[in-house]
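Q:
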Amino acid sequence: MRVVVNGSFSAWAVVLCGVPQGSVLGPLLFLLFVNELPDWIKNNICMFADDTKIWKRLTNPTDAESLQKDLDSLSTWSARWQLKFNPEKCKLMHIGHKQDTKYTIRQDNINWNIQEVSDEKDLVVLTTCTLKIARQCQKAVLKANRILGMVHRQFRDLDRKSFLIIYKGFIRPHLEYAIQTWCP
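Its first residue numbered 36, the sequence shown is counted upward by one per residue in the working numbering.
(1) Am I right that I149 and C125 are in contact with their C-beta atoms under 8 angstroms? What's the rounded C-beta distance?
(2) What did DSSP end up calling K203 once you bin it into helix, strand or coil?
(3) How is Q134 classed by DSSP in three states: helix, strand or coil?
(4) With distances taken Cα to Cα, identify the nearest neighbour of I130 among K119, Q142, T111 and T163.
(5) Per DSSP, what kind of secondary structure is Q117 in: helix, strand or coil?
(6) For T97, name the three-state secondary structure that DSSP assigns.
(7) For a quick check, are the C-beta atoms of P122 and W90 less than 7 angstroms apart?
(8) Got a sec, what are the start and stop residues for the beta strand (DSSP E) R141 sits in?
(9) Between which two residues does the alpha helix (DSSP H) containing V69 stretch?
(10) Please classify D105 as buried or exposed, where buried requires at least 16 neighbouring CB atoms within 10 angstroms.
(11) Can you tell which of R37, L72 and G42 has its C-alpha closest to the C-alpha of V49?
(12) At which residue ranges does the stretch 142 to 172 contain complete beta strand (DSSP E) runs of 3 or more residues, listed in the order of the chain?
(13) Only counting the same chain, and skipping five residues up and downstream in sequence, which positions put a Cβ closer than 8 angstroms to that of L63?
(14) Compare the C-alpha of E151 against each of V160, D157 and T139 and name the closest.
(15) So, with DSSP's three-state summary, where would you put I182?
(16) Just to confirm before moving on: does the CB-CB distance between W75 and W112 stay below 7 angstroms?
(17) Just grab the DSSP bridge partners of N79 for me.
(18) Considering only the alpha carbon of each residue, which of N78, N180, D98 and Q171 lies closest to Q134?
(19) Assign Q171 to one of two classes, buried (16 or more other C-beta atoms within 10 Å of its C-beta) or exposed (fewer than that).
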C-alpha cells in the first residue's frame, strides 16, 4: 500500500495483516472476505464491522457441542483466509443462567480458552449476564460526574450562565442518555 496526499505519493509498503485505516479499498476487501462467514456457522450469528457474535440457547449438551463446532469452523475459516481472530478479545457470556461449559478457539496451532465474563461493553452498551441495566446507568452517572469534576477544577470562577453552557454541552447529555435510555 501507499499513501497519497495532495497528489504526492509515499513509497510502497508491504502490509501483511489488518485493514488499512482510511483506505478506499480496505473496507471493501474486508467485506469480501467476511461476507461468507455466516455460511460456515450453523447457529445464530450477528456481524457488525469486524465484530462477530455467535449464540445458541443451551437446552442440552449437544447445544454446547454445536457452539464449539461453530468455533472450530471459525478457526478453519480464519486459517484458510489468513484473517486472524484475536483470541484474547473472544468472550463467553452465559445470559440468564450459569452453565458449566468451556469453549476454545484455535489460532496459530494453539487452542485458546475463551474467557468467561459477566459483563461486556459492546458498541457503548454494557451488557450483563443478567440483562439488568443498573451498571449501565451507574457508568453514565460516573462519567458525567468525572466531567463535572473536571469542569469544577478548570473553571473555579464560572458565572451561572457560563456554567450552564458547559453543563448543557458536556454533562447533561450523559445523564439524559442514562435516564431516558437505560434507567428505570
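Cβ coordinates follow ideal geometry from the N, Cα and C atoms, glycine included.
A: So, from the data block:
(1) 5 angstroms between Cβ atoms; contact.
(2) Helix, per DSSP.
(3) If DSSP states are grouped into helix, strand and coil, Q134 belongs with coil.
(4) Considering only alpha carbons, the answer is T163.
(5) Assignment of Q117 by DSSP, reduced to helix, strand and coil, places it in the coil class.
(6) Three-state DSSP puts T97 in a helix.
(7) Their beta carbons are not under 7 angstroms apart, which means P122 does not touch W90 by this criterion.
(8) DSSP places R141 in the uninterrupted beta strand (DSSP E) bounded by T139 to Q142.
(9) In the DSSP annotation of this structure, the continuous segment of the alpha helix (DSSP H) that includes V69 starts and ends at L60 to V69.
(10) When all chains shown are included, D105 counts as buried.
(11) Considering only alpha carbons, the answer is R37.
(12) Runs found: 145 to 148, 154 to 157 and 160 to 163.
(13) If the five residues before and after L63 are omitted, its C-beta is found closer than 8 angstroms to no C-beta atom of its own chain.
(14) E151 has its Cα closest to that of T139, out of V160, D157 and T139.
(15) Of the three classes helix, strand and coil, the one that applies to I182 here is helix, per DSSP.
(16) Yes, the Cβ-Cβ distance between W75 and W112 is below 7 angstroms.
(17) Answer is W90, bridged to N79.
(18) It is D98.
(19) Buried is the call here.
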